[in-house]
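*Asks:*
2 protein chains.
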Amino acid sequence: MRLLEERIRRDGVVKSDQVLKVDSFLNHQMDIGLFRAMARQWRQDFADAPINKVLTIEASGIGIAAVVAEEFGVPAVFAKKSESINIDGTYYATSVRSFTHQRVYSVIVSTRFLGPDDHVLVIDDFMANGCAMDGLLQICDAAGATVEGVGIAIEKGFQPGGDRLRQRGIRVDSLAIVESMDPQTGDITFRD
Amino acid sequence: MRLLEERIRRDGVVKSDQVLKVDSFLNHQMDIGLFRAMARQWRQDFADAPINKVLTIEASGIGIAAVVAEEFGVPAVFAKKSESINIDGTYYATSVRSFTHQRVYSVIVSTRFLGPDDHVLVIDDFMANGCAMDGLLQICDAAGATVEGVGIAIEKGFQPGGDRLRQRGIRVDSLAIVESMDPQTGDITFRD
């Protein structure tokens, strides 16, 4: 998506060949006009899919998912990060490894808000190793929900998350895929 | 706001005389159509205020703040909860006590996204003791930003947060103020 790529080139900061900072418009300060354009793109790309729920994970995915849900006219659910797994049976729960924070945390979704009738578009701001996304897909699987697709704002194409999902046959729609970044020049190369 | 009060009466669950569960439409599953109606109400109520930024705190406030920011045509910033205060001077930071989780956490906002030119509408889903809101107001104060007002979806009127802010002269616009709840009957009384 050209609009997002141009914004990343303009306002993104290449901190290293692995780390891209986009907190001025995506995941700390949020440009909702940009989110709306992204949501319209996904709406168009998934026009053939019977999506009736948007799923994301706290915290950075929530703002994007809210706008996407409004665009599709469906509810959004955000998975919660929990210190400990609630074992009273009213939550789907899984464990996710965070490379950024070097720890494992639990992710939970109430059984009341995800089930076999749901056709889900899973949304997140970033995909790198895809650990958080794996957790969300496991929760959809546990709920018997159908994953219609995955919408990612920025995928790090040089990390395995996105391509591993595509190899599993999951429809992954990343609006910008970064192939490489040069911290010396700040240059960013996107996948065509 | 009648629409929100009716929704709370219909879908809210009174767990005790202190605890109201609204996770089916507000803070786990999100009804963005409702958020849009709430945002329009705040837009009308604050029509005279030169708001140029919406501030909230992760995670439950983010979806509401995103819709509100779009309604006002301004960026939204969400304060991040952090394990430890970053002391490199690029963040405003404060400590917040969580009664729900019985612990103290740090809240940070980058100095790049809040400053003396900002006229802020602070948004959150709930206000009870107001500890999270106090933290956000301290951060606005540290940034030299002007707080134009506070928009809360559901205020627990029997807890001191909202009225304490009003006594300080802060404009608090809670769309539903719960005065009391009866866990036996499920009845909820709202402030007029």
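Going down the list, the protein sequences come from chains A and B. Take the first sequence: its letter number 176 is residue 176 in the UniProt record's numbering, and every next letter is one higher. Take the second sequence: its letter number 136 is residue 136 in the UniProt record's numbering, and every next letter is one higher. Positions of the beta carbon are idealized from the N, C-alpha and C atoms, including for glycine.
Here's the rule I'm using: 16 or more other beta-carbon atoms within 10 Å means buried, otherwise exposed. How should residue 40(B) be labelled?
*Replies:* exposed
*Asks:* With distances taken between CB atoms, is the gap from residue 32(A) to residue 70(B) smaller than 7 Å?
*Replies:* Yes, they are a contact pair.
*Asks:* Does any CB atom of chain B fall closer than 7 Å to the CB of residue 150(A)?
*Replies:* no
*Asks:* At 4 residues or longer, and completely inside the UniProt domain "Phosphoribosyltransferase" (24-146) of chain A: list those alpha helix (DSSP H) runs for me, N to C.
*Replies:* 32-45, 61-72 and 131-143
*Asks:* Taking beta-carbon pairs under 9 Å, can you tell me which members of the stretch 8-42 of chain B lie near chain E?
*Replies:* Protein chains in the displayed structure are A and B, and chain E is not among them.
*Asks:* If you draw a straight line from the alpha carbon of residue 42(A) to that of residue 174(A), how long is it in whole angstroms?
*Replies:* 9 Å
*Asks:* Against chain B, with Cβ distances strictly below 7 Å, would residue 68(A) count as a contact?
*Replies:* no
*Asks:* Between the Cα of residue 29(B) and the Cα atoms of 176(A), 135(A) and 58(A), which residue gives the shortest distance?
*Replies:* 58(A)
*Asks:* Show which residues of chain B have a CB atom less than 9 Å away from the CB atom of residue 58(A).
*Replies:* 58, 59, 60 and 62
*Asks:* How would you label residue 47(A), buried or exposed, when you count the other beta carbons within 10 angstroms and need 16 or more for buried?
*Replies:* Under this definition residue 47(A) is an exposed residue.
*Asks:* Put residue 188(B) into one of helix, strand or coil per three-state DSSP.
*Replies:* strand
*Asks:* Have a look at 6(A), 111(A), 180(A) and 126(A) and flag the residue whose alpha-carbon is nearest the alpha-carbon of residue 62(A).
*Replies:* Comparing C-alpha distances from residue 62(A) to each of 6(A), 111(A), 180(A) and 126(A) shows the shortest one belongs to 126(A).
*Asks:* I'd like to check one pair, residue 172(A) with residue 156(A): are the Cβ atoms closer than 7 Å?
*Replies:* No, Cβ-Cβ distance for residue 156(A) and residue 172(A) is not below 7 Å.
*Asks:* Can you confirm whether residue 76(B), when its beta carbon is compared against all beta carbons of chain A, has any partner nearer than 7 Å?
*Replies:* yes
*Asks:* Distance, Cα to Cα, residue 105(A) vs residue 98(A)?
*Replies:* 8 Å
*Asks:* Would you grab the beta carbon distance between residue 68(A) and residue 123(A) for me? Rounded to a whole angstrom, and I think it's under 8 Å.
*Replies:* 5 Å
*Asks:* Between residue 183(A) and residue 17(A), how many whole angstroms is the CB-CB distance? I'm expecting something under 8 Å.
*Replies:* 6 Å
*Asks:* How would you write the range of the alpha helix (DSSP H) that residue 8(B) sits in, first residue to last?
*Replies:* 2-11
*Asks:* Please decide whether residue 110(B) counts as near chain A, where near means a Cβ-Cβ distance under 7 Å.
*Replies:* yes
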